[in-house]
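Note sheet for the following structure.
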Amino acid sequence: MNKFHIRLLIVLSLSLFSLFSCSDDDDDLIGNWIRRSDFAGPARGDASCFVIDRKAYVVGGYDGRKRLNDIWEYNFDQSYWTQKADFPGTARGSAFAFASEDKGYTGTGYDGINYYKDFWEFDPINNQWTQKADFPGTARYGATAFYLDGIGYAGTGFSTNYFMDFYKYDPQTDTWETGVSIQGTKRSYASNFIIDNKAYVVGGVNNGSYVTDFWMFDPDTQSWTEKAQIADKTDYDFDDDYTTIARLNAVSFVVDGLAYFTVGETSGLNKYTWEYNPYSDRWTERTSFEGTARTAAVGFAIGNRGFVLTGRSSSSSSSLYFDDMWEFKPKDEYNEYD
2 MNKFHIRLLI
12 VLSLSLFSLF
22 SCSDDDDDLI
32 GNWIRRSDFA
42 GPARGDASCF
52 VIDRKAYVVG
62 GYDGRKRLND
72 IWEYNFDQSY
82 WTQKADFPGT
92 ARGSAFAFAS
102 EDKGYTGTGY
112 DGINYYKDFW
122 EFDPINNQWT
132 QKADFPGTAR
142 YGATAFYLDG
152 IGYAGTGFST
162 NYFMDFYKYD
172 PQTDTWETGV
182 SIQGTKRSYA
192 SNFIIDNKAY
202 VVGGVNNGSY
212 VTDFWMFDPD
222 TQSWTEKAQI
232 ADKTDYDFDD
242 DYTTIARLNA
252 VSFVVDGLAY
262 FTVGETSGLN
272 KYTWEYNPYS
282 DRWTERTSFE
292 GTARTAAVGF
302 AIGNRGFVLT
312 GRSSSSSSSL
322 YFDDMWEFKP
332 KDEYNEYD
């Protein structure tokens, strides 16, 4: 082989290397996780979380030894935590929570022996808890809840059975009524997020299977609409890579009109992060969570900034429990040194 042919082969090899080095992996690394100041309370998993007026609240959970009844307030604008008045009900984990314009609400849950259906309101101005009308469904844990147009919605979960029922709460009258059940699969440990005044319920587990049907609730019509499943269920290409979305005990939050779904567990711990676009009804993989893998964490978004904090390393008695907090910046390039 003469020198010309050798040089040609080298050039072609370098060209092919350059072509294939611009792989899908680069796309997967869009978004960057940054560790922020730690959660000030004890490490825990299975806590509840809500946001009121640019402040986030983390309530209860389990620290590996006991259930907790404390509540911590995160001042987003000044980046510090303050402990508030303890939750006066039985200490518990895996309760649902949502917030109205000026109050926080939490209900149901599990203390290691008993399931609960009591329901409580937190007033952050007066730092005061008030017991409200009981949740009308069966006592349970692992339910999900959200707030739309002045009404709270809570449903799904598990006790001796998996549930798909939903109930509506009016804070003005302190009354519950039966709502429209989610369609498709019963589930517990599902997540939800809200975009354009629509609620989306995603993930969870039912009878040992990870739930893949994905639903949107419209409060104007009081109806559920099925969205594209979070698995490879069609003959089209768009869902070919949807193999790591389905899970339970995940965190979701919304930044700039797009939802982010991360951590949680399948057969093991899950760090994959996915972005959902409600206008195209498509998911795109983003940079995986960069903290220690975990499940049963909490998350929130304030001012178009999304955060993940607390959680546990497994479901076993030897679980590690976490008190670190991470921010996700979906438009930044991945930087492993942040």
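In our numbering, the protein residues as written are 2 to 339.
Each residue gets a CB set at the ideal place from its N, CA and C atoms; glycine is no exception.
Query: Assuming G65 and T311 form a contact by the criterion Cβ under 8 Å, report the distance between their Cβ atoms to the nearest whole angstrom.; Result: With 8 Å as the limit, G65 and T311 do not qualify as a contact, their Cβ atoms being about 12 Å apart.
Query: Give the secondary structure of Y243 by DSSP, where H, G and I count as helix, E and B as strand, and everything else as coil.; Result: helix
Query: What does the Cβ neighbour count give for N271, buried or exposed, with the cut at 16 atoms within 10 Å?; Result: buried
Query: What is the DSSP secondary structure of F194, counted as helix, strand or coil?; Result: strand
Query: Could you tell me which of Y280, P220, K67, R68 sits nearest to G258, measuring between CA atoms?; Result: Y280
Query: Whose C-beta lies closer than 8 Å to the C-beta of A247 among residues of the same chain, with five residues either side of it excluded?; Result: G204, Y211, V212, T213, I231, A232, T267
Query: Between D119, T222, S192, V52, which lies nearest to Y261 when the distance is taken from Cα to Cα?; Result: S192
Query: Going by CA-CA distance only, name the one from Y243, I126, A96, Q129 that's closest to Y117.; Result: A96
Query: Please classify S49: does DSSP put it in a helix, a strand, or coil?; Result: strand
Query: What residues in its chain sit with their C-beta under 7 Å from that of F51, if we drop five residues either side in the sequence?; Result: Y58, A98, F99, A100, G105
Query: From which residue to which residue does the beta strand (DSSP E) around D71 run?; Result: 68-76
Query: Identify the continuous beta strand (DSSP E) that holds I31 and give its terminal residues.; Result: 31-37
Query: By Cβ distance below 8 Å, which residues in the same chain neighbour V255 in space, the five residues on each side in sequence not counted?; Result: F194, I195, I196, Y261, A302, G307
Query: What number of angstroms, rounded off, separates the C-alpha of Q127 from the C-alpha of K67?; Result: In the sequence as displayed, the identity of residue 127 is Asn instead of Gln. Rounded to the nearest angstrom, the two C-alpha atoms are 28 Å apart.
Query: Could you check the C-alpha separation between M326 and Q184 for me, to the nearest Å?; Result: 34 Å
Query: For L310, report the span of its beta strand (DSSP E) as first-last.; Result: 306-310
Query: Using a 10 Å radius around the Cβ and a threshold of 16 neighbouring Cβ atoms, would you call F239 buried or exposed?; Result: exposed
Query: How far does the beta strand (DSSP E) with K330 in it extend, from its first residue to its last?; Result: 326-334
Query: Output needed for A294: all residues of its chain with C-beta closer than 6 Å, excluding positions within five of it in sequence on either side, in chain order.; Result: L270, K272
Query: Apart from the five residues on each side of it in sequence, which residues of its chain come closer than 6 Å, Cβ to Cβ, to T186?; Result: N207, V212, D214
Query: Hey, out of Q132, Y63, G42, whose CA is closest to P172's CA?; Result: Q132
Query: CB Y168 to CB A155, shorter than 8 Å?; Result: yes
Query: Pick out the complete alpha helix (DSSP H) segments inside the stretch 224-291, 4 residues or longer, and give them in chain order.; Result: none
Query: In the structure shown, what three-state DSSP assignment does D150 receive?; Result: coil
Query: DSSP three-state label for E102, please.; Result: coil
Query: Output the distance between the C-alpha atoms of D27 and E334, rounded to the nearest integer angstrom.; Result: In this prediction, D27 scores a pLDDT of 40, lower than 50, which makes its location untrustworthy; the coordinate-derived value is nonetheless stated afterwards. Roughly 10 Å separates the two Cα atoms.
Query: Does the distance between the C-beta of T145 and the nearest non-hydrogen atom of the ligand FMN fall short of 7 Å?; Result: The ligand FMN is not part of the structure shown, which contains no ligands of any sort.
Query: Alpha carbon to alpha carbon, how far is F120 from F136? Give it in angstroms, no decimals.; Result: 6 Å
Query: Look up E178 in the DSSP assignment and give the residues it is bridged to.; Result: K169
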